[in-house]
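J.: Respectively, the protein sequence lines represent chains A and B.
Going left to right, the first sequence walks through residues 2 to 266 as our numbering numbers them.
Going left to right, the second sequence walks through residues -16 to 151 as our numbering numbers them.
Note that CB positions come from ideal geometry on N, CA and C, so glycine has one too.
Pasting a structure below so you can have a look.
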Amino acid sequence: MRLPPIYYHWFREPLPYMQGLRLQESVHRHQLLERKTTGDHRDYLFFLEHRPVYTFGRRQGNDSEEAMEMMRLRATGADVVLTLRGGQTTFHGPGQIVGYPLLDLGRTSPPMGIRDYICRMQKLLKAHLAEEHDIQPVPSEHTGVFLDEHTKVASIGVQVRHRLTTHGFALNVTAEPLSWFNKVVACGLEDVKAGCIANAVKPDVSPDSISVSKEIPGLVARFGRLYEREMLPLDIAELGQVEDVVREAEYVSRTQGPWHRTPVF
Amino acid sequence: MPAMMFAAIRHASRSGTSALRAAPRVAPVARGFRPTPFNRTLITKKYTEDHEAVIYDDQTKIGTVTITDYAQSSLGDVVYVELPQTGTEIEKGDQIGAVESVKAASDIFAPVSGTVEQINETLNDQPGLLNKSPEEKGWLCKIKVSNPSELDELMTEEEYKKHCESDH
Chain A
2 MRLPPIYYHW FREPLPYMQG LRLQESVHRH QLLERKTTGD HRDYLFFLEH RPVYTFGRRQ
62 GNDSEEAMEM MRLRATGADV VLTLRGGQTT FHGPGQIVGY PLLDLGRTSP PMGIRDYICR
122 MQKLLKAHLA EEHDIQPVPS EHTGVFLDEH TKVASIGVQV RHRLTTHGFA LNVTAEPLSW
182 FNKVVACGLE DVKAGCIANA VKPDVSPDSI SVSKEIPGLV ARFGRLYERE MLPLDIAELG
242 QVEDVVREAE YVSRTQGPWH RTPVF
Chain B
-16 MPAMMFAAIR HASRSGTSAL RAAPRVAPVA RGFRPTPFNR TLITKKYTED HEAVIYDDQT
44 KIGTVTITDY AQSSLGDVVY VELPQTGTEI EKGDQIGAVE SVKAASDIFA PVSGTVEQIN
104 ETLNDQPGLL NKSPEEKGWL CKIKVSNPSE LDELMTEEEY KKHCESDH
C-alpha cells in the first residue's frame, strides 16, 4: 500500500519552546481525533529553531538536585521546561535545527517499531552530515550523532502516544548554541561536549557560509528517503485546524523581539 | 492455595508462544476435585490496541496491567518506568505511566477503570524486567476494577495476535 505524503513546514523565526509544545499538542490531538473519526489524518514534519531553552526529560525533575539545577539555569536568560519526552537535559536555541516529526507509526503493517523509528532518525542525521558536508560521524554506543567520542552534534528525544509521535531531533548548525550547552551536562553524558556543523566542515568551507536555512531542503529530502515517504510543503494559506495553529505559531514567533545570544549568567 | 488449585483460564489451551504466555498462577485443574462455584477463580487476559494487557481475576476484581511482549520488542531496552500513584482513581484510557526506552518515552493508558491498588516498585531499580518478563515479573500496576464489563470491550488473545500482524 502506498503511504500518504508527509506535510512539512519550516518556521523562519525562532519559536518560544512553549509555543512549539502547544503546536505539537494541537496537531497530536487533531491527528488522534481524525484517525478515530474519518481515518483520514495527515502526518507532519516541522522544522524550527527555538528561542534559548533548556529542557529536561521525562525521568527528571523528581529530586531537589534537579530542581536546583533548573533554578540555576533560569539565570542564564533561557527558558527552562520539564517535558514528557525520552532522554535527559538538553538545550535548544537559534543556530540549531529542531525537527518535530508528528507521524502515525501504525500506517504500515506491521507498524513501525519505536526502536526502528529512532534508528531511522539517527541514520537521517548521519546521512545528512556525510552527504551535505562531507562530515563523517563516528559510531557511538549512545543515541544521537557524534563528531568524535567527546563531541555530540545532534540529539534525539521523542514521545509516543497511541502510536503518534511528538518531539524529535535537534542538530547544531552554527556555533551559537555551544556556549549554552557548556552550562549543562547534556543527555547525562559527563565527558561529552556539544559540537556543530560550522566547526566541523572541511577547511575549504567558510564556517560563515553555514546557516540553518541552507540545511532545510537536504533534511526534507533525506527524511523522505529514510522514512520512505513523499514530502510535500504544507500550504498554510489553506483552511484547516493544523494550518490555523501553524499560522498562530508563525505570528507569535515574529513578535518576540531579540533573544540572548549567549548566557547572561 | 485452594483458589489456585481450581484456577481456570479462558485461553490456557492456546498456543504456547512465550509472547502470550498465561500468568504463572495458572495450574492445571487437578483430577478428582469438584470445583465449587464459591471459590472458583476465573482469570482472563485481555489486550488493548496500544499493546497493554490486563490479567483480570474475577474473584478479587484485581486487574494486573502489563505491556505485551510485542510492545517491549518494538521499544528496545527499557531504561525507566513511570508508574501511577497507589490509590489513584483512574478512568479507562487515562494516561497512567510511561515506559522510556532509548530516547523514547511511550505513554501507557489504563485498559480499565478502577483504583490503583499496588505498583511494581521493583521496576524502579530494574526497568529491564520489562524486556525480560513483560507480562509476568515486569507487571506495572494492579487495579481494583470498578466496571468489569469494560473488559468485554478489549481484545482476546486471538484478536490481539491478529492485530499485531495487521495492526488495522
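1) Between residue 44 of chain B and residue 138 of chain B, which are expected to be in contact by the criterion C-beta below 8 Å, what is the C-beta distance as a whole number of angstroms?
2) Can you check which of these residues, A:54, A:89 and A:231, is closest to residue 82 of chain A by C-alpha distance?
3) In three-state terms, what does DSSP make of residue 12 of chain A?
4) Spatial neighbours of residue 75 of chain A within its chain, please: CB distance less than 8 Å, with the 5 preceding and 5 following residues excluded, ordered by chain position.
5) Tell me which residues share the same chain as residue 201 of chain A and place their Cβ nearer than 6 Å to its Cβ, disregarding the 5 neighbours each side in the sequence.
6) At the level of alpha carbons, what is the spacing between residue 182 of chain A and residue 96 of chain B?
7) Quick one: what's got a C-beta closer than 7 Å to residue 203 of chain A's C-beta in the same chain, skipping five residues either side?
8) Strictly below 8 Å CB to CB, what residues from chain B border residue 157 of chain A?
9) What residues from the stretch 132 to 150 of chain A come within 7 Å of chain B, judged by C-beta to C-beta, listed N to C?
10) So, using beta-carbon positions, are residue 125 of chain A and residue 227 of chain A closer together than 8 Å?
11) Which same chain residues, not among the five before or five after residue 35 of chain A, have their C-beta less than 7 Å away from its C-beta?
12) Does DSSP put residue 263 of chain A in a helix, a strand or coil?
13) Got a sec, what are the start and stop residues for the beta strand (DSSP E) residue 102 of chain B sits in?
14) Whole angstroms are fine: how far does the CA of residue 33 of chain B sit from the CA of residue 156 of chain A?
15) Given a cut-off of 8 Å, decide if residue 99 of chain A and residue 49 of chain A are closer than it, judged by their beta-carbon atoms.
16) With a threshold of 8 Å between beta carbons, is residue 269 of chain A in contact with chain B?
17) Given a threshold of 16 other Cβ atoms within 10 Å of its Cβ, counted over all protein chains shown, does residue 77 of chain B qualify as buried or as exposed?
T.: From the atom records:
1) Not confirmed; about 20 Å, so no contact.
2) A:54
3) coil
4) 81
5) 136 and 148
6) 44 Å
7) 135
8) 86
9) 144
10) yes
11) 41 and 42
12) coil
13) 97 to 102
14) 27 Å
15) yes
16) Nothing about residue 269 of chain A can be reported from this structure: the residues present for chain A run from 2 to 266 only.
17) exposed
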